[in-house]
Each structure stands twice: as C-alpha cells, then as structure tokens.
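Under the numbering used here, think of the first position of the sequence shown as 237, with each following residue one higher.
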Amino acid sequence: MPLTPLDIHNKEFGRRLRGYDEDEVNEFLDQVIKDYEALIRENKEIQNQALSLQEKLNHFSNIEETLSKTIIVAQEAADEVRSNAKKEAQLIVKEAEKNADRIINESLSKSRKVALEVEELRKQASIYRARFRTLVEAQLELLSHDSWDTLDGPASLTSEIVRGV
237 MPLTPLDIHN KEFGRRLRGY DEDEVNEFLD QVIKDYEALI RENKEIQNQA
287 LSLQEKLNHF SNIEETLSKT IIVAQEAADE VRSNAKKEAQ LIVKEAEKNA
337 DRIINESLSK SRKVALEVEE LRKQASIYRA RFRTLVEAQL ELLSHDSWDT
387 LDGPASLTSE IVRGV
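Okay, here's the thing in structure tokens:
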C-alpha cells in the first residue's frame, strides 16, 4: 500500500537522547508532505491526461479503421465502375462495328443497284438513239424523194387559182 501524505503527517518517531531537532524534522516533514501531495496531484493529472489521450487514440484508431474500410470500398467500387465502363465501351464498339458493317453492306448493295440502273439506262439511251437515228434517217430519206416536188406543184397551182379569182 502506497504511503499517503496523512501517513507522513501522522508518523510518530521515538525519542532518544541526542536526537534530531524536533522543529527541523517537523518542518522537513511538512515540506515532504507538500511535495508528496504535489507529486500525487501531478501523477493524477498525468494519469487523467494519459486516459484522455488513450481515449483520443482509440477514437482516432476507430476513425482510421473506418477510413481504411471506406477507402477499400471506394477502390472496389471504382474498380467495378471501371470494369463496367470497359464492358459497356466494348459493347458500344461492337454495336458500332455492326452498324458500320450494315451501313457498308447497304451502301454496296445500293451502289450495285444504281450501277445496274445506270447500265440499263445507258442501254435504253443507246436503243433510243438508234431508233431516233433510224427515224431521222427515214424522214430525211422521205424529204429527199421527188414526191415532195409533186406535192409542192399542186399547192402552187392551188395558190395561183386562189389568187386569180
């Protein structure tokens, strides 16, 4: 059991001949009591501070643990988001490639169709030109015959008759 200031104060010493000066001893003991009480108070304050610091340390340790868990959860969530974004990007790229292939195939098909139509129109134009040439040649042939002159003759005759009347 530790010594208390009261124990020091109540301590009785036996008397002997040629002993110490009682007043000096009492003054010294009073000083020891004061210093001892101060040490006890200081020790108590230090213990209270240590307890308070331990509580703060526990609190901050809990915060640190919570933050560590939060960081881990955030990292896992970020990894999951990154993974999902990558998968979604791959799906978008695949879909875009499919659409591009479809558009290219449709364009090639339309291009072939237009080329066939152009070829058909060229054939029709060639046929039309040949028919038109034949028609024009036939008309020129008709104009070059003397039969127009005979038609021209009675018309002149008719116009002379009409004038003479």
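Yeah, the Cβ is synthetic: ideal placement off N, Cα and C, and Gly gets one too. Source: prediction; values computed, not measured.
Within 8 Å, strictly: CB atoms of Ile269 and Pro241: Their beta carbons are under 8 Å apart, which means Ile269 touches Pro241 by this criterion.
Beta-carbon proximity check, Leu275 vs Ile244, cutoff 8 Å: No, these two residues do not count as a Cβ contact at 8 Å.
Through-space distance from Ser362 to Glu331, alpha-carbon basis: Using only the alpha carbons, I get a separation of about 46 Å.
Beta-carbon contacts of Asn298 that lie in its chain and below 7 Å, excluding the five residues immediately before and after: Sequence-distant partners of Asn298 (beyond 5 residues in either direction) whose C-beta falls short of 7 Å from its own C-beta are missing from its chain.
Residue interval of the alpha helix (DSSP H) (run including Asp259): It spans 258–380 - the alpha helix (DSSP H) in which Asp259 sits, taken as one unbroken run.
Residue range of the alpha helix (DSSP H) that includes Leu239: Per DSSP, Leu239 lies in no alpha helix (DSSP H) segment and is marked neither H nor E.
Reference Lys247; option with closest CA among Arg254, Gly255, Asn262, Tyr256: That would be Asn262, whose Cα lies nearest to the Cα of Lys247.
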